[in-house]
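Number of protein chains: 2
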Amino acid sequence: MQITILGGGGFLGRRLAHRLAKDGALGDRAITGLTLFDLQAPPPVEAPFPVRCLGGNIADPAAVTAAIPAGTEVVVHLAAVVSAQAEADFDLGLTVNVHGTLAVLQACRALTQGPRASGAAPPRVVFTSSVASFSGGQDARLEDDARQLPGNSYGAEKAIGELLLQDASRKGFLDAVNIRLPTVIIRPGRPNKAASSFVSAILREPLLGLETDLPVPEEFAVWICSPRRAVEWFLHAMTMDTKPLGLDRGINPPGRSATVGKMLSALEAVAGPEARAKVRHAPDPAIEAIVGTWPASFTAERARRLLGFSEQESLEEIVQGFIEDDLAATRAERGL
Amino acid sequence: MQITILGGGGFLGRRLAHRLAKDGALGDRAITGLTLFDLQAPPPVEAPFPVRCLGGNIADPAAVTAAIPAGTEVVVHLAAVVSAQAEADFDLGLTVNVHGTLAVLQACRALTQGPRASGAAPPRVVFTSSVASFSGGQDARLEDDARQLPGNSYGAEKAIGELLLQDASRKGFLDAVNIRLPTVIIRPGRPNKAASSFVSAILREPLLGLETDLPVPEEFAVWICSPRRAVEWFLHAMTMDTKPLGLDRGINPPGRSATVGKMLSALEAVAGPEARAKVRHAPDPAIEAIVGTWPASFTAERARRLLGFSEQESLEEIVQGFIEDDLAATRAERGL
Ligand SMILES: NC(=O)c1ccc[n+]([C@@H]2O[C@H](COP(=O)([O-])OP(=O)(O)OC[C@H]3O[C@@H](n4cnc5c(N)ncnc54)[C@H](O)[C@@H]3O)[C@@H](O)[C@H]2O)c1
Ligand SMILES: NC(=O)c1ccc[n+]([C@@H]2O[C@H](COP(=O)([O-])OP(=O)(O)OC[C@H]3O[C@@H](n4cnc5c(N)ncnc54)[C@H](O)[C@@H]3O)[C@@H](O)[C@H]2O)c1
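Listed in order, the protein sequences are those of chains P and F.
Heads up: the first sequence begins at 1 in UniProt numbering, then just goes up one per residue.
Heads up: the second sequence begins at 1 in UniProt numbering, then just goes up one per residue.
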């Protein structure tokens, strides 16, 4: 089985690539090739199968076509401009998040339609949409059929990407699973341009011994998942039976609703009160204006009961998971 | 006040242009210029203000920019590839309905941002989305916050257009009102490529003395409005206060849910049993598969109570309205 990860040099893309390399197989089928595609060619990954690392722009149809060669059965489309950046640069967000997803659609479609067609089944496409495509805010607990009314350009572009891939699935051009990811914590490395960057920072920076700012009150609730869980969901979405999805390719996976206060308590339980003491209250209305519109909770019934997506582990396990998986590498990367 | 109608050579665009020419004003402000834009330059309209008629492709940014000159205060964006055609030609639907709407967004944005900017308020954009952007089918009665889960490419493209213009409104690039039009009956002229073409045909063709096919059962219900009502809604949307809309620029206007049987009874009441006898039952599963997913009813509370959209008139009045407004011209056009 041949797999492509678009945005394969990013946080979740690299993690998924390493997992596929370790497993050597997806479900009960051996992996025969992996393509990692990102703006800059991602660093190579040791694997029992050939790995191609390509650099290119997701909004460039030729580059995306090269990244999805004939015989590709699964495409994981993670390439995106994140929330605060898409808000600051409207055109960049449109180019990467909308035109990029259109290029993915057309490259996948060409595998089974037109001159490059091989007679194979339409490729599975796992697309990462986001909780940011919804409104509702702190008091919301959204049902599975909740309307996407985005309060930010990134969320609008993700909702558009879902509509495109959902319609392409109905047409038989590809076979999409659109996962609306919660805020993934704890993100390793440095703070990034996502408005939700602080949700990871308030746990990661203290574990590195560094002070950090909390821009929202401790009662502020966030819909979260761990990187371990996100990778499990990707593996499930890459192989699951999509017939039960019908027309509706959008999935709210079973994340966890947690207040910042509860996250800090988990930090304290794992790393002691001195870790928690590194977090300074520094209200930031600009950040709160963006993340404050995202819903803090979902019922996620369909993903849980019908579709077999696994449950999110506890906050303590998330903190522990970061220490096991990422703390040393993050220290090294940041020269700490 | 300067106004542009994109798709100004179509059914509703021409009707709106004639109405503006007759009124000479929009609300309490005189109209100082009107641009009609369509694939072929629309025929000129007699008016107390200058009318420019331009031909061009809505997916061509330069052509759209020319159609929306500096000083434009209201843009009515009606240019579209309709349902059955967008379903038959996926790329054409994407080009016209998605890239076209993106070109409209950028041309409007350039009026108040960047080098062409005049310091004026963001232009009002009235965009015609469609009932086809929803699912639900015959038994549905959709609330105002119902999710758009389109079962056809046209509906997906309309939902995408809404998301784009809604986000552009939030950013202050323009000021959109996205009206999800019901099926507009009675469409004059000839049958067209909309899957809903029959809903007009079963009334229009008998009034012309012609036989016609009914592809669905008489119990089949459709969410409809008249062309007179659509024009009233456009005039309202062109001038209304958009503050009460907030983030949510999508409007389900107060159409009417009617079964085909009730429409045929209205035909009979106005034009006699010999008119109704011209309608032959000829089930067409392909047509029913498309229109069968569209919801047959909406509550339309927000449009009615909060936003001041006027109520749809009765079925008899719709039939009568066609006879008054369109029967003679349709006869002439078709050489009957
Ligand atoms: N991490 C989260 O909390 C979270 C939450 C919701 C959704 N998501 C979505 O999940 C996906 C993966 O998230 P992540 O945290 O790994 O993000 P990331 O930013 O670490 O990775 C995204 C990758 O896309 C690449 N990219 C950006 N523009 C590109 C372009 N023009 N061409 C090619 N590649 C380009 C970036 O270089 C980056 O490596 C993204 O689509 C993101 O929007 C993430
Ligand atoms: N009439 C209905 O029942 C109905 C229902 C729901 C929504 N709508 C929407 O309302 C709008 C107006 O409807 P209508 O009945 O007047 O449609 P219409 O087809 O009569 O008019 C649309 C116009 O767009 C023009 N057009 C198509 N492609 C173009 C392109 N590439 N560049 C420039 N112009 C192009 C066509 O030439 C046509 O004149 C459309 O957007 C339609 O999707 C109509």
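Glycine included, each C-beta is placed from N, C-alpha and C at the ideal position.
Since the structure is predicted, the reported quantities are computational estimates derived from the model, not experimental observations.
Is Arg147 (chain P) buried or exposed, if buried means 16 or more other CB atoms sit within 10 Å of its CB? buried
Measuring alpha carbon to alpha carbon, tell me which residue in F:Ala30, F:Ala201, F:Arg19, F:Trp294 is nearest Leu181 (chain F). F:Trp294
Whole-Å CB distance - Pro283 (chain P) paired with Pro215 (chain P), under 8 Å assumed: 6 Å
Check whether the stretch 300–310 of chain P touches the stretch 247–267 of chain P, taking contact to mean three or more Cβ pairs, one atom from each stretch, closer than 8 Å. yes
Three or more C-beta pairs under 8 Å: does that hold for the stretch 205–219 of chain P against the stretch 158–169 of chain P? no
By alpha-carbon positions, which one of F:Gln106, F:Leu327, F:Ala275 ends up nearest to Leu210 (chain F)? F:Ala275
Give every residue of the same chain whose Cβ lies closer than 8 Å to the Cβ of Arg304 (chain F), excluding the five residues on either side of it in the sequence, and list them in chain order. Pro254, Glu311
Short of 6 Å in beta carbon distance, which residues of its chain neighbour Thr72 (chain P), apart from the five on each side in sequence? Order them along the chain. Gln2, Thr4, Pro123
The stretch 123–137 of chain P in contact with the stretch 71–87 of chain P per 3-pair CB rule at 8 Å: yes
Take the Cβ of Arg15 (chain F) as the centre, count every other Cβ of all protein chains shown within 10 Å, and call the residue buried at 16 or more, exposed below. buried
Going by C-alpha distance, which of P:Asn97, P:Leu174, P:Glu268, P:Ile202 is nearest Ala120 (chain P)? P:Leu174
Could you list which residues in chain P have their beta carbon closer than 8 Å to that of Arg141 (chain F), in chain order? Near Arg141 (chain F) there are no residues of chain P at all, since even the closest Cβ is about 15 Å away, more than 8 Å.
Beta-carbon gap between Ala194 (chain F) and Val104 (chain F) smaller than 8 Å: no
Would you give the residue range spanned by the alpha helix (DSSP H) that Ser197 (chain P) belongs to? 197–207
Just verifying my parser: in three-state terms, what is the DSSP assignment at residue 420 (chain P)? Nothing in the structure corresponds to residue 420 (chain P), since chain P is present only between 1 and 336.
Quick one: grab the DSSP three-state call for Ile5 (chain P). Looking at Ile5 (chain P) - three-state DSSP - the assignment turns out to be strand.
Rounded C-alpha distance that separates Cys183 (chain P) from Val291 (chain P): Rather than Cys, the amino acid found at residue 183 (chain P) in this sequence is Thr. Cα to Cα, Thr183 (chain P) sits roughly 10 Å from Val291 (chain P).
Run the CB neighbour count on Ile323 (chain P), radius 10 Å, all protein chains shown included, and call it buried at 16 or more, exposed below. exposed
Among all residues, which have a Cβ less than 5 Å from at least one non-hydrogen atom of ligand 1, and in what chain order do they fall? P:Gly7, P:Gly9, P:Gly10, P:Phe11, P:Leu12, P:Asp38, P:Leu39, P:Asn57, P:Ile58, P:Leu78, P:Ala79, P:Ala80, P:Val96, P:Thr128, P:Ser130, P:Leu181, P:Thr183, P:Val184
Is it the case that the CB of Lys82 (chain F) approaches a heavy atom of ligand 2 more closely than 7 Å? In the sequence on display, residue 82 (chain F) carries Val and not Lys. For ligand 2, at least one heavy atom lies less than 7 Å from the Cβ of Val82 (chain F).
Listing by chain order, which chain F residues have their CB less than 8 Å from the CB of Ala156 (chain P)? Leu163, Leu164, Gln166, Asp167
Using the three-state DSSP reduction, which class does Glu311 (chain F) fall into: helix, strand or coil? In the structure shown, Glu311 (chain F) sits in coil (DSSP, three-state: anything other than H, G, I, E or B).
Given the structure, does Arg29 (chain F) come close to ligand 2, in the sense that its CB is under 7 Å from one of the ligand's heavy atoms? no
Would you say Asp284 (chain P) reaches chain F, if we count a Cβ-Cβ gap shorter than 8 Å as a contact? no
Continuous beta strand (DSSP E) stretch holding Arg280 (chain F): start and end: Run containing Arg280 (chain F): 279–281, per the beta strand (DSSP E) assignment.
Given that Gly151 (chain F) touches chain P, what residues does it touch there, using C-beta distances under 8 Å? Arg170, Leu247
Report all residues from its chain with a CB closer than 6 Å to the CB of Arg249 (chain F); omit the five preceding and five following residues, and keep chain order. If we look at Arg249 (chain F) and ignore the five residues flanking it on each side, its Cβ neighbours are Gln166, Ser169, Ala176, Asn178.
Would you report the Cα separation of Asn152 (chain P) and Val231 (chain F), rounded to the nearest angstrom? 32 Å
Just verifying my parser: in three-state terms, what is the DSSP assignment at Asp248 (chain P)? Of the three classes helix, strand and coil, the one that applies to Asp248 (chain P) here is coil, per DSSP.
Could you give the distance in angstroms between the alpha-carbon of Leu111 (chain P) and the alpha-carbon of Asp60 (chain F)? Approximately 28 Å between the Cα atoms of the pair.
When we look at the beta-carbon of Leu306 (chain P) and count the other beta-carbons within 10 Å, is it buried (16 or more) or exposed? exposed
Express the C-alpha separation of Gln138 (chain F) and Ala289 (chain F) in angstroms, rounding to a whole number. 12 Å
Does Ile251 (chain P) have its Cβ less than 8 Å from a Cβ in chain F? Not one chain F Cβ lies under 8 Å of Ile251 (chain P).
How about the stretch 86–93 of chain F and the stretch 50–70 of chain F: do they share at least three Cβ pairs that are nearer than 8 Å? no
Cβ of Ser118 (chain F) versus every heavy atom of ligand 2: is any distance shorter than 7 Å? no
Within the present structure, is the beta-carbon of residue 342 (chain F) separated from the nearest heavy atom of ligand 2 by less than 7 Å? Residue 342 (chain F) cannot be examined here, being either before or after the span of chain F that is shown, 1 to 336.
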